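Q: Take this structure, written in C-alpha cells, and hold onto it; I'll ask about it next.
Numbering (this note's numbering), first residue to last: 113 to 310.
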C-alpha cells in the first residue's frame with residue numbers, strides 16, 4: 113500500500129483519520145498560512161490545504177499526502193482566527209452567542225507520484241446558544257480553547273455552547289471531512305474498505 117502522510121500535527125485530525133483504519137504517518141507541514149480577507153473562504157481553505165500538502169512533497173516523493181485547513185466565518189462574513197488568549201476568546205464568543213456561524217474546511221490530496229492534486233471543501237454551520245458572560249468565562253477557564261478558530265472546541269466541552277448544527281459531515285467541524293477524503297483516496301487507488309487498503 114502507498115505511504116499516506118497527514119500534513120498536520122493536530123491530534124484531532126489524527127484521531128479522525130484513524131477512523132478509516134488505514135496506516136498513515138504525520139508530519140508538520142512547512143507552510144506559512146496567510147489569510148486574505150478579500151478571498152472567499154471556500155477558495156482560501158482549498159489553497160491553504162493544498163499548500164500544506166505540497167510543502168511535504170519533496171520529503172515524501174512516493175506518498176499520498178493529505179492536507180487540511182479550516183476557517184471560521186462569523187454571521188457578518190468575517191473570518192475569525194485563533195483568539196490566542198482568554199480576553200480575545202471572551203470577546204469572540206460574546207459577539208457570537210445566539211447567532212449562526214460557518215466552518216469552512218479545505219481538503220487536499222496530493223499524489224506525489226504524478227503530482228496530481230485534488231482539492232475540495234466542506235462547510236458546517238453552528239448556532240451558539242444565548243450565554244451569559246459568566247457562562248462564557250466558566251467555559252473558557254475550563255477548556256482554554258485559545259488555539260481554536262471561534263474559541264470553542266465542539267469535540268470537548270464546547271458542545272455545551274451549541275444550540276444546533278447543520279452539515280453533511282460532522283467531521284468537517286473537527287477539521288477533516290472524511291466523506292470527501294474517502295472519495296479522494298479511491299481516486300488514487302486506496303480502498304479504505306479493504307483490510308490492506310489496496
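Just so it is clear, CB atoms sit at the ideal spot from N, CA and C, and this is done for glycine as well.
These numbers were taken from a predicted model, which means no experiment stands behind them.
Rounded to the nearest angstrom, what separates residue 277 and residue 143 at their Cα positions?
A: About 31 angstroms.
Q: Between the alpha carbons of residue 289 and residue 159, how many angstroms are there, rounded?
A: So the alpha carbons of these two residues sit roughly 16 angstroms apart.
Q: Do you know whose CA, among 127, 176 and 131, lies nearest residue 113's CA?
A: Considering only alpha carbons, the answer is 176.
Q: Under 8 angstroms Cβ to Cβ from residue 164, same chain only, skipping five residues before and after it: list those, please.
A: For residue 164, where only same-chain residues beyond five positions count, the Cβ hits under 8 angstroms are 119, 120, 141, 143, 179, 180, 181 and 220.
Q: Can you tell me the Cα-Cα spacing of residue 217 and residue 151, whole angstroms?
A: Their backbone Cα atoms lie some 15 angstroms apart in a straight line.
Q: Check for me: the beta strand (DSSP E) holding residue 183 runs from which residue to which?
A: Element bounds for residue 183: 176-185.
Q: Output the distance between the C-alpha atoms of residue 239 and residue 170, rounded to the nearest integer angstrom.
A: When rounded, the distance between both Cα atoms is 41 angstroms.
Q: Taking the DSSP output, what are the residues bridged to residue 230?
A: Paired residues: 221.
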